[in-house]
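Using my numbering, you'd call the opening residue of the sequence shown number 1 and step up by one each time. Here is the structure we will look at, set down as structure tokens.
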Amino acid sequence: MKKMITALLWVVLILLCFAACGSSQIPGRYDLTAIESEGVTISVSDIKDADTQMYLQLNADGTGVMQIGAEAAQMQWKDGMLWPVGQEDDKVPFTVENGVLTMHQDGQTMTFTKAK
């Protein structure tokens, strides 16, 4: 009986460890929902038309794409930092909480919501 309880506890600990690993939950598509600059927040739905794509795709291998209108930039990401490919000096910090990705740079904040 003691061995069964010990084994069960190990299984629970392993499952908790996997659930706590946040980076595995980061990859996916995030649609731009708002931009804040100088205290003014602009909802993306107010500035884009139906054909305009504004999103950030983060892949599990640390690559990605940022699509804003007709412009697409190849990106890399790791450890809460995002940067254009080949421009490691231009890293931008980001956080992901409850499916919302937030980036802060040069007094601007971009908010993305994970697509379902």
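Backbone N, C-alpha and C define an ideal beta-carbon position, used for all residues, glycine too.
In the three-state scheme derived from DSSP, where H, G and I count as helix and E and B as strand, Val100 is classed as strand. Between Pro93 and Gly107, the C-beta spacing is not below 8 Å. Counted as a single uninterrupted DSSP element, the beta strand (DSSP E) harbouring Asp31 occupies residues Gly28 to Ser37. Residue pairing for Gln108: DSSP places it in a beta bridge opposite Ser37 and Gln105.
The beta carbons of Thr102 and Thr113 sit about 10 Å from each other, so the pair does not count as a contact at 8 Å.
CA-to-CA, the gap between Thr63 and Glu38 works out to about 30 Å.
Contact annotation, Val65 with Gln57: C-beta distance approximately 5 Å; criterion of less than 8 Å satisfied. A Cβ-Cβ separation of about 15 Å leaves Met54 out of contact with Leu82 under the 8 Å criterion.
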